[in-house]
Amino acid sequence: MAQKAVETFELTSHGPTETRRIGRKLGKLLRSGDVLLLEGSFGAGKTVLAQGIARGLGVEERVISPSFTLVNEYMAGKSHGSIPVYHADLYRIANVDEALALGLEEYLAAQGIFIAEWPENIAEVWPEERLWIRLRTDDGEQRVIRFEARGVRYVRLLHDLETELAEHVRNDSGN
Ligand SMILES: Nc1ncnc2c1ncn2[C@@H]1O[C@H](COP(=O)(O)OP(=O)(O)O)[C@@H](O)[C@H]1O
Ligand SMILES: [Mg+2]
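Letter by letter, the sequence shown follows residues 1 to 175 of the working numbering.
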């Protein structure tokens with residue numbers, strides 16, 4: 001039987017700038033077809049993380065919360081083949097039918113990057129392989145960010161992210 005490809009990784013961010021930086025490093029590693037699901041209560045930092053991810057993808061436009069539009073579409077930079085970057089906010093989506101009406105399946109099938117906040121509202125629609133990120137408010141500006149990768153692609157992605165973040169710590173401690 002094939003080994004189940006699941007990996008988790010948890011870290012603490014100490015402020016929005018750090019969360020953005022983590023997002024940027026993650027964004028740089030992404031490629032077309034990737035699905036990122038950002039879970040966490042209001043103010044946990046999902047949008048801040050998504051802004052960092054978009055930045056890492058080379059999105060030049062300002063990334064704002066898609067609370068009212070439900071899905072915002074951006075374009076990645078040339079380094080990422082100018083692919084579309086979809087940023088969804090599913091807070092108001094109560095069930096799968098509403099998600100389908102929104103065109104969720106098309107977004108997921110499209111050549112691009114898909115990032116959703118409040119994925120837990122419609123947990124049953126997500127592909128089995130994805131990166132699930134849960135942000136939890138800790139003390140003050142501290143946020144515990146837990147990554148759960150499912151599938152070979154995402155386990156590798158998470159591994160690469162861990163390596164990138166470790167580099168960062170090493171570089172910082174050298175200064
Ligand atoms: N470590 C942190 N990471 C991210 N945001 C933080 C952090 N500490 C404080 N904040 C603040 O928390 C808020 C997070 O907002 P936002 O990303 O819109 O949350 P969400 O999308 O999860 O509702 C921002 O005002 C941000 O400045
Ligand atoms: Mg948000």
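We treat Cβ as the ideally placed atom computed from N, Cα and C, and that holds for glycine.
Nothing here was measured: the structure is a model prediction, and the numbers come from that model.
Please tell me whether residue i and residue j are closer than 8 Å, where the distance is taken between their beta carbons.
| i | j | result |
| --- | --- | --- |
| LYS25 | GLU148 | no |
| ILE53 | GLY23 | yes |
| ASP160 | LEU29 | yes |
| LEU135 | LYS78 | no |
| TYR154 | ILE115 | no |
| GLU128 | ARG146 | no |
| ALA50 | PRO84 | no |
| GLY57 | ILE122 | According to the sequence as given, residue 57 is Leu; it is not Gly. No. |
| ARG20 | VAL59 | no |
| GLY27 | ARG55 | yes |
Assuming residue i and residue j form a contact by the criterion Cβ under 8 Å, report the distance between their Cβ atoms to the nearest whole angstrom.
| i | j | result |
| --- | --- | --- |
| GLU7 | LEU158 | 5 Å |
| TYR91 | TRP126 | Between TRP126 and TYR91 the Cβ distance is about 16 Å, and since that is not below 8 Å, they are no contact. |
| ALA76 | THR137 | Contact doesn't hold; Cβ gap of about 30 Å is too wide. |
| VAL71 | ALA88 | 5 Å |
| GLU141 | GLY15 | 4 Å |
| VAL96 | GLU124 | 6 Å |
Taking contact to mean at least 3 C-beta pairs separated by less than 8 Å, is the stretch 8-20 in contact with the stretch 37-44?
No, the stretch 8-20 is not in contact with the stretch 37-44.
Secondary structure, beta strand (DSSP E): runs of 3+ residues fully inside the stretch 94-159:
Counting whole runs of 3 or more residues, the stretch 94-159 contains the beta strand (DSSP E) stretches 113-117, 130-137, 143-150.
Anything with a beta carbon under 7 Å from a heavy atom of ligand 2 counts; list them all in chain order.
Result: LYS46, THR47, SER65, SER67, ASP89, GLU117.
Please list the segments of the alpha helix (DSSP H) lying wholly inside the stretch 25-95, counting only runs of 4 or more residues, in order along the chain.
Entirely contained in the stretch 25-95, the alpha helix (DSSP H) runs reaching 4 residues are, in chain order, 46-56.
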